[in-house]
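Enquirer: Here the sequence shown is numbered in UniProt numbering, starting from 1 and rising by one per residue.
For each residue, glycine too, the CB sits at the ideal point set by N, CA and C.
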Amino acid sequence: MGSGGDHHGEDSTPEVPHLTLPPSRVYLSSESAPLVPHSFPSRRSSRSIVYFHQHYHIYGILSRVMIKPGMRLRPGPGRSLIGGRPTHQTLLETPRPIIFMSEWNRRNDKREATRTTTPPLIRSRNVRQGSGRMMGPHQRQGPGILGSSPLVPRPVNFLNPAKRVMVNSDRFYSSHVTVILYAHDSRSISRTGRGGKAAFQHRQQLSHARRIVVKLGSAVVTRQDGCGLALGRLASIVEQCAELQNEGHELLMVTSGAVAFGAQKMAQELIMSLSMRQTLSGRESLRGEEVRSMLAPRASAAVGQSGLMSLYEAMFAQYGVKVAQILITKPDFYNSETRQNLNSTINELIALNILPIINTNDAVTPPPQVDEEVSKKLDIRDNDTLAARLAVEVDTDILILMTDVDGIYNKPPKSEGARLMDTFVPDMIEDVEFGEKSSVGTGGMDSKVKAASWALERGTSVVICNGLGQGVIKGIMQGRKIGTFFTNNNDSGLEVEVLAKNARQGSRVLQKLSPTERADAILTLANLLQSRQPDLLVANQQDLEEAAKTGLSTAMTSRLRLTPAKLNSLSDGLRQIAMDSKTILGRTLTKTLIAENVELRKITVPIGVLLVIFESRPDCLPQVAALAMATGNGLLLKGGKEAYYSNHALMELVKESLTTVGAPGAISLVTKRDDISDLLQLEGDIDLVIPRGSSDLVRTIQEQSRSIPVLGHAEGICHVYIDKNADLEKAVKIVVDAKCDYPSACNAMETLLIHREIFENSRIFTSVCQALQREGVAIQAGPRLASLLTFGPPTAKTFKVEFSDLECIIEVVDGLDDAIDHIHQHGSSHTDVIVTEDPQAAEHFLGAVDSACVFHNVSSRFADGYRLGLGAEVGISTARIHARGPVGMEGLLTTKWVVKGDCAVASEFSRGKRLFLHHKLPLEDVAVVDGHSSCDEEVSFSQ
1 MGSGGDHHGE DSTPEVPHLT LPPSRVYLSS ESAPLVPHSF PSRRSSRSIV YFHQHYHIYG
61 ILSRVMIKPG MRLRPGPGRS LIGGRPTHQT LLETPRPIIF MSEWNRRNDK REATRTTTPP
121 LIRSRNVRQG SGRMMGPHQR QGPGILGSSP LVPRPVNFLN PAKRVMVNSD RFYSSHVTVI
181 LYAHDSRSIS RTGRGGKAAF QHRQQLSHAR RIVVKLGSAV VTRQDGCGLA LGRLASIVEQ
241 CAELQNEGHE LLMVTSGAVA FGAQKMAQEL IMSLSMRQTL SGRESLRGEE VRSMLAPRAS
301 AAVGQSGLMS LYEAMFAQYG VKVAQILITK PDFYNSETRQ NLNSTINELI ALNILPIINT
361 NDAVTPPPQV DEEVSKKLDI RDNDTLAARL AVEVDTDILI LMTDVDGIYN KPPKSEGARL
421 MDTFVPDMIE DVEFGEKSSV GTGGMDSKVK AASWALERGT SVVICNGLGQ GVIKGIMQGR
481 KIGTFFTNNN DSGLEVEVLA KNARQGSRVL QKLSPTERAD AILTLANLLQ SRQPDLLVAN
541 QQDLEEAAKT GLSTAMTSRL RLTPAKLNSL SDGLRQIAMD SKTILGRTLT KTLIAENVEL
601 RKITVPIGVL LVIFESRPDC LPQVAALAMA TGNGLLLKGG KEAYYSNHAL MELVKESLTT
661 VGAPGAISLV TKRDDISDLL QLEGDIDLVI PRGSSDLVRT IQEQSRSIPV LGHAEGICHV
721 YIDKNADLEK AVKIVVDAKC DYPSACNAME TLLIHREIFE NSRIFTSVCQ ALQREGVAIQ
781 AGPRLASLLT FGPPTAKTFK VEFSDLECII EVVDGLDDAI DHIHQHGSSH TDVIVTEDPQ
841 AAEHFLGAVD SACVFHNVSS RFADGYRLGL GAEVGISTAR IHARGPVGME GLLTTKWVVK
901 GDCAVASEFS RGKRLFLHHK LPLEDVAVVD GHSSCDEEVS FSQ
């Protein structure tokens, strides 16, 4: 790095320390004091001043950071020194410092500027950094605080001052020298020509966009009748844009609506002028369509422009944002001088934190149908092409085209089979069939796609979305799947919708297999888990190392860890699933003879396509995969990022086992960067969602899934109740196991309820507490227990808590019914246990407690599919419909009614020609052989 600047003939260069400043902070320095936070007026204040001092004690302002001359500044991670806003790429530091020099005669306020020499560092290209604009090959205007100060890179031994410094229209000059480090990122270098700048590749990167152009289509801002504006919708859009502007983004708006706004005014005059004629003719009042046909759009635009701008100004003023109007026409982009002036004006407005509102001058713009392509560039035919040309011209990060449809469809939205394309690659253009354009706009969807592809080709990201929804702009900037995102990234993996359709088809393949073939696929997976164990442990170790770096919690790390014992146990569970699967699918549950030669059977069938979302437990992936194979379900798996390497290694084994039976697409691991909320919108492709993980994950899924059923539990608040007739040794053993065997499990004990007589028997109570304390369990006291103890543990704030750690609550209850009431009030209907030697008390507890699992003298840890003989579980459900408790193969099945007959028609029964029998038939002869009941041909249809 370069050294500090010289001072008018002084040969020595002072030693300059390197200094890293956190972004968005203000610092003040002096020779005698270190850098400390210092208050300074906001960029948006009416007057900001750069203070100069004598003898090198010069304080400049750079991105709200006060610097001392000769001090080298380094930006924080992902930050720019100039502009102070986040960038999405790592900053690069130039090899030389930049010397910022200005001259000021304070006594008589003479504004003089000396000539500058040609800077050697950026001779061949314009460099734009932060919010500043390009002023020429070797000059740069800073943002906001530094107004239009050119920053000229020079060797450190140059002392020639640069030009003027303008701070919010106040000019100051100084002969002193300040050395700063100039940094830029790769996206901030202004280039022209095709492919000069890379656009964002993924939606998640859009949150890093700095400069945003929002184009409001006519269908978005106007009412349905075309006369007047949709004020409520427009107010929502203004609010979002204002919030982004106040958060530090640079907003530009390209708006339609002038014609509609003017048409509303002119329609009143037109109706008044025609009122006498209408009265005499006896016709009904003119309809909106007739009024619009009589109004000249250019005249309407001329009338509406001033009113539209006044409306925007009033609305943005409510959020402290100033706006400016820019009217442009097609020739403005074809003349290099006017185009440069336009660029300069827009950047000047942005530097002053003024939001530019741009529109075509429709009062003089020729009709779009007579336009012809006069250049290889995108011709301006409507506001879509205008927005695209403008976005590229001012180096915009993202262009949002708002219309009245949800995005790009593969065919007109109202056509049968139309599908919304959430991601669009320009190569897909041949697969898209466009419909008609909006009745109130000048451009159609084909125009939007052409404009978006042109902008994308030149480095500007584009999203086409429905502007009629709420919070659309903020949602796009947060990376949510809204509208159609244009990208050049062809290698983004299969769409989630495609994976779901593959899973549906794979499910049908699995159903056609014989039970033996499905079982063999599961056995193949079980064998692979043991033979590939070293590879799995290596992949898991990578995840554990990443978890250590990110500070993953102890409970989550415990779930993440794979061991040889875990893999062996997992393999054994899969073999049990394979054994049990041979009689599970296509099994006849009931059989009824409806009438002579009419038989009804109720048989088990797969649910369809499952979406299982899990966090840090990679061992659940092969478990759930085996259950899906056994039941013939298609499966989508969405694992947590903390188990990335483990999940991919396990998924390779699953794919390998499915390939042996010709169904590799039946199960897929979702790896695309989609939010869980996006997956939950696939109600037509996914039949059941099963979240496995923390209570926060399950609760989030339950809240976000509005159309797809969710099978799971939000909390695992499990109780153990020690009755007055409990055996001490059994009680201690069960309580310790329920809490300490696996504290982070959902079936671990969270609250221990003790009968009052047990508490009064200090020997039993003390034994239980000491046993827990020896295992390192932190105890909290319930309100009753706290009132009975003089010096007890801390009082629990609430009973509705899942600790997932070595911690629990102990509370005293008056008796069995009191314990049941406590469980119903504070429990989660997961698993509850009674420890007693009284069989009557046990039966009362088991019958009265409304939980998925209720145990007598059994640890709550037995609420597990493997321990209950289910082979494995896909989760534990506390719901009261479909499946409850540990969900194994039975919980992944539904039923189908099959009726066989010989020309049975309802009319014969209604006229009394035939009679219903409804006889229940025995199931002893019913066996599942190769997926079909063997009794089909053995049924006697005689009465």
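Could you tell me the boundaries of the beta strand (DSSP E) in which V463 lies?
Expert: From DSSP, the beta strand (DSSP E) with V463 extends over S461 to N466.
Enquirer: In whole angstroms, what is the alpha-carbon distance linking K322 and K549?
Expert: Taking the straight line from one Cα to the other gives about 45 angstroms.
Enquirer: Flag I823 as yes when its Cβ comes closer than 6 angstroms to any non-hydrogen atom of the ligand MG, and as no otherwise.
Expert: For the structure depicted, the ligand MG is absent and the ligand set is empty, with no information on it obtainable.
Enquirer: Would you mind working out which of G634, F759 and Q542 sits nearest G815, comparing C-alpha positions?
Expert: Closest by alpha carbon: F759.
Enquirer: Which class does residue 951 belong to by DSSP, given the choice of helix, strand or coil?
Expert: Residue 951 lies beyond the stretch modelled for the chain, which goes from 1 to 943, so this question has no answer here.
Enquirer: Alpha carbon to alpha carbon, how far is T700 from A539? Give it in angstroms, no decimals.
Expert: When rounded, the distance between both Cα atoms is 29 angstroms.
Enquirer: Please determine if the segment 624-641 and the segment 570-578 are in contact, where contact requires at least 3 C-beta pairs separated by less than 8 angstroms.
Expert: A contact exists between the segment 624-641 and the segment 570-578.
Enquirer: Is it a yes or a no for the segment 643-655 touching the segment 509-516, going by three-plus beta-carbon pairs under 8 angstroms?
Expert: At 8 angstroms Cβ cutoff, the stretches do not touch.
Enquirer: Rounding to the nearest angstrom, what Cα-Cα distance links R223 and Y409 in this structure?
Expert: Approximately 24 angstroms between the Cα atoms of the pair.
Enquirer: Count the other C-beta atoms from every protein chain shown that fall within 10 angstroms of the C-beta of S461, then say buried if there are 16 or more, exposed otherwise.
Expert: Classification for S461: buried.
Enquirer: Quick test of your reading: G471 and Q240, contact by CB under 8 angstroms. State the CB separation rounded to the nearest angstrom.
Expert: About 7 angstroms; that satisfies the 8 angstroms criterion.
Enquirer: Across which residues does DSSP place M749 in a beta bridge pair?
Expert: C718, per the DSSP bridge assignment.
Enquirer: Between L206 and G479, is the Cβ-Cβ spacing less than 7 angstroms?
Expert: A contact, by the Cβ cut-off of 7 angstroms.
Enquirer: Between the segment 418-436 and the segment 250-257, are three or more C-beta pairs nearer than 8 angstroms?
Expert: No contact exists between the segment 418-436 and the segment 250-257.
Enquirer: Could you pull out every residue in the same chain whose Cβ sits closer than 7 angstroms to the Cβ of T360, ignoring the five residues on either side in sequence?
Expert: Excluding positions up to five away in sequence, the list reads I328, T329, N383 and L386.
Enquirer: Leaving out five residues before and five after I754 in sequence, what residues of the same chain have Cβ atoms less than 6 angstroms from its Cβ?
Expert: Cβ within range, chain order: I722 and V812.
Enquirer: Considering N540, what are the terminal residues of the alpha helix (DSSP H) in which it resides?
Expert: Its alpha helix (DSSP H) spans residues Q533 to T550.
Enquirer: Comparing alpha-carbon positions, which option in Q318, S571 and N489 lies nearest H202?
Expert: Closest by alpha carbon: N489.
Enquirer: Does the count of Cβ pairs from the segment 762-769 and the segment 795-802 closer than 8 angstroms reach three?
Expert: Cβ pair count under 8 angstroms is below three, so no.
Enquirer: If you reduce the DSSP assignment to three classes, tell me which class R381 lands in.
Expert: It is coil, neither helix nor strand.
Enquirer: For K414, which residues in the same chain have their Cβ closer than 6 angstroms to its Cβ, ignoring the five residues on either side in sequence?
Expert: Nothing listed; no residue qualifies.
Enquirer: So I809 packs on F799, CB below 8 angstroms; how close in whole Å?
Expert: The Cβ separation is near 6 angstroms, so the contact holds.
Enquirer: Should the segment 859-867 be regarded as contacting the segment 729-741, the criterion being three or more beta carbon pairs within less than 8 angstroms?
Expert: Taking 8 angstroms as the limit for Cβ pairs, the verdict is that the segment 729-741 does touch the segment 859-867.
Enquirer: So does the segment 589-601 actually touch the segment 524-539, counting three or more Cβ pairs closer than 8 angstroms?
Expert: Because the criterion of three Cβ pairs below 8 angstroms is not met, the segment 589-601 and the segment 524-539 do not touch.
Enquirer: If you draw a straight line from the alpha carbon of D902 to that of L593, how long is it in whole angstroms?
Expert: Looking at the two C-alpha atoms, the distance is approximately 13 angstroms.
Enquirer: Just grab the DSSP bridge partners of T795 for me.
Expert: A781, per the DSSP bridge assignment.
Enquirer: Look at the Cβ atom of L510, then the Cβ atom of V213, and state whether they are nearer than 7 angstroms.
Expert: Result no, Cβ atoms of L510 and V213 do not sit closer than 7 angstroms.
Enquirer: Can you tell me the Cβ-Cβ gap for I690 and L711, rounded? I've got them flagged as a contact below 8 angstroms.
Expert: Sure, about 5 angstroms apart at Cβ, within 8 angstroms.
Enquirer: Using DSSP with H/G/I as helix, E/B as strand and the rest coil, what is R298?
Expert: Of the three classes helix, strand and coil, the one that applies to R298 here is helix, per DSSP.
Enquirer: May I ask which residues mark the beginning and end of the beta strand (DSSP E) holding D832?
Expert: Run containing D832: T831 to V835, per the beta strand (DSSP E) assignment.
Enquirer: Which ranges does the beta strand (DSSP E) cover as unbroken runs of at least 3 residues, wholly within the segment 210-256, from first to last along the chain?
Expert: Counting whole runs of 3 or more residues, the segment 210-256 contains the beta strand (DSSP E) stretches 211-216 and 250-255.
Enquirer: According to the Cβ coordinates, are S705 and L669 closer than 7 angstroms?
Expert: Their beta carbons are not under 7 angstroms apart, which means S705 does not touch L669 by this criterion.
Enquirer: Put P709 into one of helix, strand or coil per three-state DSSP.
Expert: Residue state, collapsed to three classes: coil.
Enquirer: If contact is defined by three or more beta carbon pairs under 8 angstroms, each pair taking one atom from either stretch, is the segment 494-508 in contact with the segment 605-614?
Expert: Verdict: yes, contact present.
Enquirer: With the cut-off set at 7 angstroms, would you say V394 and I357 are in Cβ contact?
Expert: No, they are not a contact pair.
Enquirer: What does DSSP give as the partner residue(s) for R692 in the beta ladder?
Expert: Note: R692 sits in a beta bridge opposite F614.
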